[in-house]
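I have placed the structure first, in the form of structure tokens, so that the comments after it can refer back to it.
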Amino acid sequence: MICLGIESTAHTFGAAVIRNKEVLSNIKKSYTTESGGIVPQKAAEHHVAEFDTIVKDALEKASLSIKDIDLITFSNAPGLGHTLRIGAHVARSIAVLHDVPIIGVNHCIAHLEIGKLLTKAKDPVLLYVSGANTQVIAFEGGKYRVFGETLDTGIGNFIDTFARYIGLGFPGGPKLEKMAYLSENYIRLPYNVKGMDVSFSGILTKLKRLFDESKHKTEDLAYSMQETVFAMLLEVSERAMAHCGKKELLLGGGVACNTRLQDMAKKMCEERGAECFVLENQYNVDNAAMIAHLGLKMFKAGVRHDIDMPIDPYERTDDIEVSW
Ligand code: AMP
Ligand code: MG
1278 MICLGIESTA HTFGAAVIRN KEVLSNIKKS YTTESGGIVP QKAAEHHVAE
1328 FDTIVKDALE KASLSIKDID LITFSNAPGL GHTLRIGAHV ARSIAVLHDV
1378 PIIGVNHCIA HLEIGKLLTK AKDPVLLYVS GANTQVIAFE GGKYRVFGET
1428 LDTGIGNFID TFARYIGLGF PGGPKLEKMA YLSENYIRLP YNVKGMDVSF
1478 SGILTKLKRL FDESKHKTED LAYSMQETVF AMLLEVSERA MAHCGKKELL
1528 LGGGVACNTR LQDMAKKMCE ERGAECFVLE NQYNVDNAAM IAHLGLKMFK
1578 AGVRHDIDMP IDPYERTDDI EVSW
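So the sequence shown is numbered by our numbering: it starts at 1278 and just counts up by one.
Given below as structure tokens:
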């Protein structure tokens, strides 16, 4: 079966084509800003302006035409209402015009499933670290369950906010990563793990204050920030692995592109005799290949959705009934 997937939960609009388990194309374009965060309305306008070229590119790269598509899937949750709606409209229009079935897919679960498709991971704990999301997810007792999460902002948004504060622009994650490699001078920061959850807002306040005091090098702040928050995330991930008795950790989300996080995750896994799986960056960030893959998997398991399958900006990972 050939499936076209559409991703639009936030600043990225993506289209991808897969043939059964083979990714034929994975195209995306992201709305970015010079200052400030994502303005939902502007991101939606970006998606409206770009979607047709992105879908066309995805089909071209796969050497297929829209008539070859057997199924269309789209991320219907969770995310920004403004942008989710654009992806839903695109998917519904194609489904109606070309008379193909449609499936709505949960974005967070798709991050886990693409990891299982493209790595040797069979039943991993997913550390999902993106702009808006920070969750430790695993499949347990017939459902995808959240074992720990942020109590305030997502890690990527936290990193980007600090980067903007010190004048690095958006997205700040990759720039702070480079800067962090220039230091090994650890400055003590709050370490905020609460049970299985993490919180970043206090650390952000402290970082801003330290930056304003100008007593420390910015490199030292970048280094200390990464060491602290990555250690927090891996502490919670490790505890989830121990609790579930799982021996695999998968990284996902844009922040999973960070090589220091990857190294720390590999080390933690090595020490407990577990395996760590890291995807290519194009599958860490928001992408449509994962939406195509999970949607096709659901369809093959007998899931059917109506053409007006609604979007749900606030859907919880553990709300989903799993039949696939
Ligand atoms: P996503 O929401 O999954 O598309 O991921 C976007 C987030 O990933 C943004 O907050 C970026 O700053 C962050 N990001 C991307 N690359 C890196 C990196 N190398 N280190 C840390 N954060 C990163
Ligand atoms: Mg994501």
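Ideal Cβ positions, reconstructed from N, Cα and C, are used throughout, including at glycine.
Check: Residues passing the C-beta test against the ligand ZN heavy atoms, cut-off 5 Å; Outcome: Of the ligands one can find in the structure shown, namely the ligand AMP and the ligand MG, none is the ligand ZN.
Check: Expected contact under 8 Å - CB spacing of Ala1566 and Ile1391 to nearest Å; Outcome: 6 Å
Check: Arg1362, DSSP secondary structure in three states; Outcome: helix
Check: The segment 1526-1544 / the segment 1404-1424 touching (three or more Cβ pairs under 8 Å); Outcome: yes
Check: Distance cut-off 7 Å: Ala1320 Cβ against heavy atoms of the ligand AMP; Outcome: no
Check: The ligand AMP heavy atom lying under 7 Å from the CB of Asp1329; Outcome: no
Check: Three-way DSSP call (helix, strand, coil) for Asp1474 in this model; Outcome: strand
Check: heavy atom of the ligand AMP below 7 Å from His1540 C-beta; Outcome: Note that residue 1540 is Asp in the sequence shown here, rather than His. Answer for Asp1540: no, Cβ out of range of the ligand AMP.
Check: 7 Å Cβ shell around Val1470 - same chain, five flanking residues per side excluded; Outcome: Met1509, Glu1512 and Val1513
Check: Cβ-heavy atom distance, Ala1365 to the ligand AMP, below 7 Å; Outcome: no
Check: C-alpha gap between Lys1523 and Phe1507, whole angstroms; Outcome: 20 Å
Check: For Tyr1500, the nearest candidate out of Asp1474, Asn1462 and Ala1519 (CA to CA); Outcome: Asn1462
Check: Inter-stretch contact at 8 Å, needing at least 3 Cβ pairs: the segment 1359-1370 / the segment 1534-1545; Outcome: no
Check: CA nearest to the CA of Tyr1286, picked from Lys1338, Ala1354, Asp1489 and Phe1328; Outcome: What sits at residue 1286 in the sequence shown is Thr, not Tyr. Out of Lys1338, Ala1354, Asp1489 and Phe1328, Ala1354 has the C-alpha closest to the C-alpha of Thr1286.
Check: Contact test: Gly1530 Cβ vs the ligand AMP heavy atom, cutoff 7 Å; Outcome: yes
Check: For His1582, three-class secondary structure by DSSP; Outcome: strand
Check: Strand pairing of Leu1389, partner residues [DSSP]; Outcome: Its beta-bridge partners do not exist; DSSP assigns none.
Check: Collapsed DSSP secondary structure at Arg1422 in the structure displayed; Outcome: strand
Check: Contact under 8 Å by Cβ, Leu1348 with Gly1572; Outcome: yes
Check: Nonlocal neighbours in the same chain, by C-beta distance under 6 Å from Gln1539, ignoring five residues either side; Outcome: Val1555
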